[in-house]
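Read through the structure below, which is laid out as structure tokens, and then see the notes.
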Amino acid sequence: MEVWVFGLAALVILLIVVNIFSLSLKLLWNGIVGMVLLWLFNLVGGIAGLHLEIGAVSALVAGFFGIPGVILLLLYQLMGH
Numbered sequence: 064m065e066v067w068v069f070g071l072a073a074l075v076i077l078l079i080v081v082n083i084f085s086l087s088l089k090l091l092w093n094g095i096v097g098m099v100l101l102w103l104f105n106l107v108g109g110i111a112g113l114h115l116e117i118g119a120v121s122a123l124v125a126g127f128f129g130i131p132g133v134i135l136l137l138l139y140q141l142m143g144h
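Rendered as structure tokens:
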């Protein structure tokens, strides 16, 4: 009976650890995708003189929201911030 309880507790702890790492890996992946989107925008936008900084926050915004996030960052920059 005690082995069953310890096994269940180990399973719960394993699920918690997997969820924690899953969230951090998802944020890392979104940040990488955001950096690629910003790089592509800077590559294409450089023709028109548009440039967005590639930083941690802007990469996460672009990665989380995708193309609308890049547009949001561009509008934020054009408003003078």
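Residue numbers (the working numbering): 64 to 144.
Note that beta-carbon positions come from the ideal geometry of N, C-alpha and C, so glycine has one too.
These numbers were taken from a predicted model, which means no experiment stands behind them.
Go ahead and pull the three-state DSSP assignment for residue i.
| i | result |
| --- | --- |
| E116 | coil |
| G129 | coil |
| M98 | helix |
| G108 | helix |
| G70 | helix |
Between the alpha carbons of residue i and residue j, how many angstroms are there, rounded?
| i | j | result |
| --- | --- | --- |
| G129 | L74 | 35 Å |
| L78 | S85 | 10 Å |
| S87 | V80 | 11 Å |
| L101 | E65 | 54 Å |
| L137 | A119 | 16 Å |
| L99 | I117 | Here residue 99 turns out to be Val, not Leu, going by the sequence shown. So the alpha carbons of these two residues sit roughly 9 Å apart. |
Just checking my contact of residue i with residue j at CB under 8 Å: how many whole Å lie between their CB atoms?
| i | j | result |
| --- | --- | --- |
| S121 | L115 | 6 Å |
| L123 | G143 | At roughly 22 Å, the Cβ-Cβ gap does not stay under 8 Å, so L123 and G143 are not in contact. |
Please confirm if the stretch 88-99 is in contact with the stretch 65-72, defined as three or more CB-CB distances below 8 Å between the two stretches.
No, they do not touch.
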